[in-house]
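Asker: The structure follows.
Residue numbers (this note's numbering), protein chains in the order written: chain U, 34 to 142; chain W, 3 to 90.
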């Protein structure tokens, strides 16, 4: 049983690692959000599931699984809210040649 | 097993410091905001691991639950505020 929890927590740490690298290396706000929004959700889910496996069958494990479900529901919602706020506030996406890809009519005010 | 948890939480603390670079030197306000959100998620996991290290997981998991709720509410409130106000 400990092997399963060690593997799950290591998988979660790997996802946190890749999310951090993407957060540091990507060129603009939207791509950084892409890295952190996915990797943090999956990392937290894997790590909390591994801890629940380590703890065994008890009320505390139920609470840990509850936190995992909460993170799995709320983290994409928060990501979506920040992205929508940034798009309405006028943050431009990064392009390779520097041209804007957003038409002025598309953005709703 | 406690040594594994300790090493894992140290690695996560190192990742928190890497994310802190974006929070301090980030080009705009939104990068700082998602940096704070990411650090909150990592802190959640570190708190649960600390509960296993100290052997009092049934107390630390409640703190972790409150931290998850607060992180979500802070992120939503900041996103709504900045959506109305525009990028500073």
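Backbone N, C-alpha and C define an ideal beta-carbon position, used for all residues, glycine too.
What span of residues does the alpha helix (DSSP H) with residue 132 of chain U cover, start to end?
Answerer: Unbroken run through residue 132 of chain U: none, as it is neither H nor E.
Asker: I'd like to check one pair, residue 39 of chain U with residue 6 of chain W: are the Cβ atoms closer than 8 Å?
Answerer: Against a cut-off of 8 Å, the Cβ pair of residue 39 of chain U and residue 6 of chain W comes out as a contact.
Asker: I'd like to check one pair, residue 93 of chain U with residue 60 of chain W: are the Cβ atoms closer than 8 Å?
Answerer: Contact: yes.
Asker: Could you tell me which chain U residues have their CB closer than 7 Å to the CB of residue 38 of chain W, listed as they occur along the chain?
Answerer: Within 7 Å Cβ-Cβ: nothing; residue 38 of chain W doesn't reach chain U, min ~11 Å.
Asker: Judging by CA-CA distance, which residue of W/16, W/12, W/39 is the nearest neighbour of residue 116 of chain U?
Answerer: Checked all of W/16, W/12, W/39; the closest Cα to residue 116 of chain U is W/39.
Asker: List the residues of chain W whose Cβ lies closer than 8 Å to the Cβ of residue 46 of chain U, in chain order.
Answerer: Neighbours of residue 46 of chain U on chain W, chain order: 10, 13, 14.
Asker: What does a CB cutoff of less than 8 Å around residue 28 of chain W pick up in its chain, not counting 5 residues either side in sequence?
Answerer: 34, 37.
Asker: Counting only the same chain and skipping the five closest in sequence on each side, list residues whose C-beta sits under 6 Å from that of residue 97 of chain U.
Answerer: The residues are 81, 84, 85.
Asker: At a Cβ threshold of 8 Å, is residue 105 of chain U touching chain W?
Answerer: Judged by the 8 Å Cβ criterion, residue 105 of chain U is not in contact with chain W.
Asker: With contact counted as at least three CB pairs below 8 Å, one residue from each stretch, are the region 105 to 119 of chain U and the region 54 to 74 of chain U in contact?
Answerer: A contact exists between the region 105 to 119 of chain U and the region 54 to 74 of chain U.
Asker: Please state if the CB of residue 53 of chain U and the CB of residue 17 of chain W are separated by a distance shorter than 8 Å.
Answerer: Yes, the pair counts as a contact, with Cβ atoms nearer than the cut-off.
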